[in-house]
Amino acid sequence: MDLVFCTEARLVRRSSGLVYSIDGGLTNNLWQRYLCKFNHVYVMARVLSDDDCPINDKYLASSERVSFIDLPYYLGPIQY
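Per our numbering, the sequence shown starts with residue 40, numbered consecutively.
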């Protein structure tokens, strides 16, 4: 069974394809809790593709059993 995890959290995708949590909230430690019960986790979140955004490497959110469904990364009503 798979899980779809919907969140308003913001993530950053590098050109390597790896996805990182900006604030450290959605990392592999969190996904391990769900992967004990589910085969795969699909994360719907706002994802920014950017190689220049400063990110801590320990905030890695990518995993072999975690996929990301990218939602538009806008801030506020003007960008919407």
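Built from N, CA and C at the ideal position, the CB exists for glycine as well.
If you're wondering where the values come from, they're calculated on a predicted model, not measured in any experiment.
Using C-beta distances below 6 Å, list every residue in its chain close to residue i, excluding the 5 sequence neighbours before and after it, in chain order.
i, result
"D89", "V51"
"D84", "What sits at residue 84 in the sequence shown is Ala, not Asp. Correct list, in chain order: T46, A48 and L50."
"G63", "Y98"
Is any heavy atom in the ligand SAM found nearer than 6 Å to the beta carbon of residue i?
i, result
"S60", "You won't find the ligand SAM in this model; it holds no ligand whatsoever."
Quick one, which of the options has its alpha-carbon nearest residue i's?
i, options, result
"D96", "Y113, Y81, D109 and I61", "I61"
"C149", "C92, Y98, L42 and V86", "Since the first residue shown for the chain is 40 and the last is 119, residue 149 is missing from the structure and cannot be characterised."
To the nearest angstrom, how far is it from the Cα of residue i to the Cα of residue j?
i, j, result
"F44", "Y81", "6 Å"
"F107", "W70", "12 Å"
"S102", "H79", "10 Å"
"Y119", "M40", "34 Å"
"R104", "F77", "9 Å"
Return the chain-ordered list of same chain residues with a C-beta closer than 8 Å to the C-beta of residue i, the five sequence neighbours on each side being excluded.
i, result
"R72", "none"
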